[in-house]
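Taking it in order: structure first as structure tokens, then the write-up.
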Amino acid sequence: MSKVLTIYSTSHGTTESVANRIHESLICVHKEIVNIKNLDKNISIDNADFIILGTSIHAGAINKSISKFIEDNMSKLKEKNVAIFLCCMNEPAEQEQLYKNFPLELIDSSIACSIVGGEFIFEKMNFVEKLLVKKITGVKGSISKLRDEEIDEFVSKINYFIK
Ligand SMILES: Cc1cc2nc3c(=O)[nH]c(=O)nc-3n(C[C@H](O)[C@H](O)[C@H](O)COP(=O)(O)O)c2cc1C
Numbered sequence: 000m001s002k003v004l005t006i007y008s009t010s011h012g013t014t015e016s017v018a019n020r021i022h023e024s025l026i027c028v029h030k031e032i033v034n035i036k037n038l039d040k041n042i043s044i045d046n047a048d049f050i051i052l053g054t055s056i057h058a059g060a061i062n063k064s065i066s067k068f069i070e071d072n073m074s075k076l077k078e079k080n081v082a083i084f085l086c087c088m089n090e091p092a093e094q095e096q097l098y099k100n101f102p103l104e105l106i107d108s109s110i111a112c113s114i115v116g117g118e119f120i121f122e123k124m125n126f127v128e129k130l131l132v133k134k135i136t137g138v139k140g141s142i143s144k145l146r147d148e149e150i151d152e153f154v155s156k157i158n159y160f161i162k
């Protein structure tokens with residue numbers, strides 16, 4: 000029976016909500032979910048044989064703790080099954096952002112690797128973030144562009160693999 004650990008980072012809660020949705024849809028009994036902020040304190044990755052990594056893009060980059068986690072644990076990750084999902088809003092650049100931020104060998108060996116869209120949640124942005132998002136994207140209020148079908152497909156691939 001697979002032991003699945005979902006590790007995510009989030010700035011305004013979007014990746015967290017997608018991670019929770021994925022976690023809740025997994026058919027396995029042994030599953031845990033953790034914000035990367037709490038990883039060292041509570042949970043070791045050694046007990047898991049399947050790792051789901053979820054993060055978002057801000058200013059072209061994924062969360063630094065996720066990058067460091069991948070760098071520090073690359074040899075362990077190679078021995079496990081890995082699935083990656085990425086939240087972002089710059090659709091034309093999404094593939095480039097994925098390949099810039101994750102090692103190619105991790106993407107290539109992953110069971111599933113999905114770009115699931117994202118959200119702009121203005122109520123959770125600080126003044127500078129609001130200004131930047133308005134200036135760069137022209138978007139002036141909260142919007143969700145989460146790709147439900149992509150998320151469902153991501154879950155299906157994992158469930159098929161762990162069943
Ligand atoms: C200040 C800011 C910068 C962002 N920069 C990018 C970016 O460079 N590329 C992109 O695709 N999306 C960008 N986004 C969109 C985020 O990836 C999107 O809002 C995502 O849903 C955030 O998820 P989170 O709340 O879990 O961090 C940016 C969002 C904000 C608020």
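Numbering (numbering that gives the first Met the number 0) for the sequence shown: 0 to 162. Each residue gets a CB set at the ideal place from its N, CA and C atoms; glycine is no exception.
### Task
Could you give the DSSP three-state label for F126: helix, strand or coil?
Along the sequence shown, one-based indexing puts residue 126 at 127. Helix at F126.
### Task
Tell me whether L4 sits in a helix, a strand or coil according to DSSP, three-state version.
Position 5 of the sequence shown, counted from the first residue, corresponds to residue 4. Reduced to three states, the DSSP call for L4 is strand.
### Message
If we require 3 or more residues per run, which beta strand (DSSP E) segments fall completely within the stretch 21-54?
### Response
29-34
### Query
CB-CB under 6 Å to V154, same chain, minus the five flanking residues each way: which ones, in chain order?
In the sequence shown, residue 154 corresponds to position 155, counting from 1. These residues qualify, in order along the chain: I21, S24.
### A82 - partner residues in DSSP beta bridges
Here residue 82 refers to the residue found at position 83 when the sequence shown is read from its first residue. Bridge partners of A82 according to DSSP: I51, A111.
#### Entry: Beta-carbon gap between M0 and V33 smaller than 8 Å
Your numbering for residue 0 matches position 1 in the sequence shown. Your numbering for residue 33 matches position 34 in the sequence shown. The answer is no: Cβ separation not under 8 Å.
### Message
What I want to know is whether the C-beta of V132 ends up closer than 7 Å to one or more non-hydrogen atoms of ligand 1.
### Response
Sequence index remark: in the sequence shown, residue 132 carries index 133 (1-based). V132 Cβ: within cutoff of ligand 1.
#### Entry: Cβ-Cβ separation, H11 to M88 (assumed contact under 8 Å), whole Å
To locate residue 88, count along the sequence shown from 1; it is residue 89. To locate residue 11, count along the sequence shown from 1; it is residue 12. That belief does not hold up - the Cβ atoms of M88 and H11 are roughly 12 Å apart, past 8 Å.
### Query
To the nearest whole angstrom, what separates the beta carbons of A82 and S108, a pair I think is in contact under 8 Å?
The residue given as residue 82 occupies position 83 in the sequence shown. The residue given as residue 108 occupies position 109 in the sequence shown. Contact doesn't hold; Cβ gap of about 11 Å is too wide.
### Query
Whose C-alpha, out of S55, M73, L38, is nearest the C-alpha of S16?
Walking along the sequence shown from the start, residue 16 turns up at place 17. Proximity to S16 across S55, M73, L38 peaks at S55, based on C-alpha coordinates.
### Other residues of its chain near K129: CB distance less than 7 Å, five sequence neighbours each side excluded
Mapped onto the sequence shown, residue 129 falls at position 130. Taken in chain order, the residues that qualify are F121.
### Message
Quick check on A92: does DSSP put it in helix, strand or coil?
### Response
In the sequence shown, residue 92 corresponds to position 93, counting from 1. Residue state, collapsed to three classes: helix.
### Query
If you pair each beta-carbon of the stretch 56-71 with each one of the stretch 90-100, do three or more pairs fall below 8 Å?
Yes, since at least three Cβ pairs between the stretch 56-71 and the stretch 90-100 fall closer than 8 Å, the two stretches touch.
#### Entry: For S64 and R146, the rounded distance between their alpha carbons
Walking along the sequence shown from the start, residue 146 turns up at place 147. Walking along the sequence shown from the start, residue 64 turns up at place 65. Looking at the two C-alpha atoms, the distance is approximately 25 Å.
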